[in-house]
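A.B. asks: Mind having a look at this structure? Questions to follow.
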Amino acid sequence: MRLRGRKGIREELERQPDMIVLDAVPHKGNWRSFFGNDWPIHVELGMGKGKFISEMSGRNPDINYIGVDMYDELIRRAGEKAKAVWEPKGYDRPPNLALLRANIEGIETMFEPGEIERIYLNFSDPWPKSKHARRRLTHPRFLAKYAELLNAKGEIHFKTDSQSLFEFSLNSFADMEIPLRSIALDLHKERLRDDLVLTEYEAKFVGKGKNIFRLEAVIGEEALAAHRQAKKAALADKGKTAADRLND
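No gaps in the numbering here: position 99 of the sequence shown is 99 in our numbering, and each next residue is one more.
In structure tokens, the structure reads:
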């Protein structure tokens, strides 16, 4: 994708260092200092125009968000969306959001191991040709990097409209022996999931009646323990009689 930004866009981005980061390397291992708190850090890789990450930051003020993309114009547009979310709340800039201009290929240069709690992959490029499979953001080579950077509560939340990418991703997670939960083959079939923030692409695709595929991958040890406990509780509840449930 090539985006034609307006003249002077780089200078505009440079004037917003409290929200826009053009070089991640100095912040590696120091993102909590950037935000000035020790809240969990959630990262969206390939944020596009920034609707999802901006709205998530507004909904969850006690979580730090970082939106990553490699195009100046997308960073600029995401900045505008972020301000539209936060200015009505009385903020001249988002207190818990950074927009990072970077190539995801080098994600290990942006974050220290264990620095991230959650990664969002929303409508990533499916790279449909088999010769480009290694570029897919759910390829095992990327999953290995994510697993290194995620902390004990680490998870990956993945959404796509591409059935072929979803199938590929299921196999990638299986190859890496990463447990999955909340697998949806048609996320909005019953109703529009307004408990989940929609991306620009998602809103458009849902309007056209397209299926949205979604899953959550559980990676960190604490997240895995909680996942196993929830499964155990669900199985125990399933085995209860109606009388047992009435006595709970």
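We treat Cβ as the ideally placed atom computed from N, Cα and C, and that holds for glycine.
#1: Look at the alpha carbon of asparagine 37 and the alpha carbon of leucine 22, and state the distance between them as a whole number of angstroms.
#2: Please return the same chain residues whose Cβ sits closer than 6 angstroms to the Cβ of arginine 136, not counting the five positions on each side in sequence.
#3: With distances taken from CA atoms, which of Trp86, Asp92, Lys145, Leu100 is nearest tryptophan 31?
#4: Based on Cα-Cα distance, which residue from Arg59, Gly46, Asn60, Ala84 lies nearest to glycine 67?
#5: Alpha carbon to alpha carbon, what distance is there between valine 25 and alanine 184?
#6: If you measure between the beta carbons of leucine 224 and methionine 176, is that distance less than 8 angstroms?
#7: Buried or exposed for leucine 192, going by 16 or more other Cβ atoms inside 10 Å?
#8: Tell me the residue span of the alpha helix (DSSP H) that contains alanine 174.
#9: With 16 as the cutoff for other CB atoms within 10 Å, does leucine 254 come out buried or exposed?
#10: Just curious, the beta strand (DSSP E) that tyrosine 71 is in, first and last residue?
#11: Please state whether DSSP places histidine 227 in a helix, a strand or coil.
#12: Spell out the partners DSSP gives glutamate 44 in its beta bridges.
#13: Going by DSSP, which residues form a beta bridge with arginine 214?
#14: Rounded to a whole number of angstroms, what is the C-alpha to C-alpha distance between lysine 240 and glycine 50?
#15: Hey, tryptophan 39 and isoleucine 63: beta-carbon distance below 8 angstroms or not?
#16: Quick check: the region 146-159 against the region 213-224, are there 3 or more CB pairs under 8 angstroms?
#17: List the residues that DSSP assigns as beta-bridge partners of arginine 101.
#18: For the alpha helix (DSSP H) containing tryptophan 31, list its first residue and its last residue.
#19: Cutting at 7 angstroms between CB atoms, please list the residues of its own chain near methionine 1, excluding the five before and the five after it.
#20: What are the boundary residues of the alpha helix (DSSP H) that methionine 19 is part of?
#21: Pull the bridge partners of leucine 150 from the DSSP assignment, please.
#22: Less than 8 angstroms between the CB atoms is what I'm expecting for phenylalanine 123 and lysine 145, so what's the real figure, rounded?
#23: Are the beta-carbon atoms belonging to leucine 149 and isoleucine 107 less than 8 angstroms from one another?
C.D. replies: The relevant details are as follows:
#1: Here residue 37 corresponds to residue number 37 of the sequence shown, with the count starting at 1. Here residue 22 corresponds to residue number 22 of the sequence shown, with the count starting at 1. Those two C-alpha atoms are separated by around 21 angstroms.
#2: Here the question's residue 136 lines up with position 136 in the sequence shown. Only Trp127 meet the Cβ criterion.
#3: By one-based count along the sequence shown, residue 31 stands at place 31. Among Trp86, Asp92, Lys145, Leu100, the Cα nearest to that of tryptophan 31 belongs to Leu100.
#4: The residue labelled residue 67 in the question sits at position 67 within the sequence shown. Looking at the Cα atoms, Gly46 is the closest of the given residues.
#5: In the sequence shown, the residue the question calls residue 184 occupies position 184. In the sequence shown, the residue the question calls residue 25 occupies position 25. Their backbone Cα atoms lie some 36 angstroms apart in a straight line.
#6: Here the question's residue 224 lines up with position 224 in the sequence shown. Here the question's residue 176 lines up with position 176 in the sequence shown. For leucine 224 and methionine 176, no; Cβs fall outside 8 angstroms.
#7: Position 192 of the sequence shown, counting from 1, holds the residue named residue 192. Leucine 192 is exposed by the Cβ-count criterion.
#8: Position 174 of the sequence shown holds residue 174. Its alpha helix (DSSP H) spans residues 163-175.
#9: Outside the displayed range of the chain (1 to 248) lies residue 254, so it cannot be described from this structure.
#10: Here residue 71 refers to the residue found at position 71 of the sequence shown. Per DSSP, tyrosine 71 belongs to no beta strand (DSSP E) and is neither H nor E.
#11: Numbered from 1 along the sequence shown, position 227 holds the residue referred to as residue 227. The answer is helix: DSSP assigns histidine 227 an H, G or I state.
#12: In the sequence shown, the residue the question calls residue 44 occupies position 44. Note: glutamate 44 sits in a beta bridge opposite Gly67, Tyr120.
#13: As a first step, residue 214 must be located in the sequence shown, where it is residue number 214. Paired residues: Lys159, Ala184.
#14: In the sequence shown, the residue the question calls residue 240 occupies position 240. In the sequence shown, the residue the question calls residue 50 occupies position 50. Each residue's Cα considered, the two are about 46 angstroms apart.
#15: Here residue 39 refers to the residue found at position 39 when the sequence shown is read from its first residue. Here residue 63 refers to the residue found at position 63 when the sequence shown is read from its first residue. Yes.
#16: yes
#17: Taking the first residue of the sequence shown as position 1, residue 101 is located at position 101. Looking at the DSSP assignment, arginine 101 forms a beta bridge with Asp69.
#18: Here residue 31 refers to the residue found at position 31 of the sequence shown. Taken as a continuous stretch (DSSP letters only), the alpha helix (DSSP H) holding tryptophan 31 covers 31-35.
#19: Sequence index remark: in the sequence shown, residue 1 carries index 1 (1-based). Confidence at methionine 1 is low in this model, with a pLDDT of 48, below 50, so its placement is unreliable and the value that follows should be read with caution. Closer than 7 angstroms at Cβ, skipping near neighbours: no residue.
#20: In the sequence shown, the residue the question calls residue 19 occupies position 19. Per DSSP, methionine 19 belongs to no alpha helix (DSSP H) and is neither H nor E.
#21: The residue given as residue 150 occupies position 150 in the sequence shown. Ile116.
#22: One-based indexing of the sequence shown puts residue 123 at position 123. One-based indexing of the sequence shown puts residue 145 at position 145. Between lysine 145 and phenylalanine 123 the Cβ distance is about 20 angstroms, and since that is not below 8 angstroms, they are no contact.
#23: Start at 1 with the first residue of the sequence shown, and residue 149 comes out as number 149. Start at 1 with the first residue of the sequence shown, and residue 107 comes out as number 107. Taking 8 angstroms as the Cβ cut-off, leucine 149 and isoleucine 107 qualify as a contacting pair.
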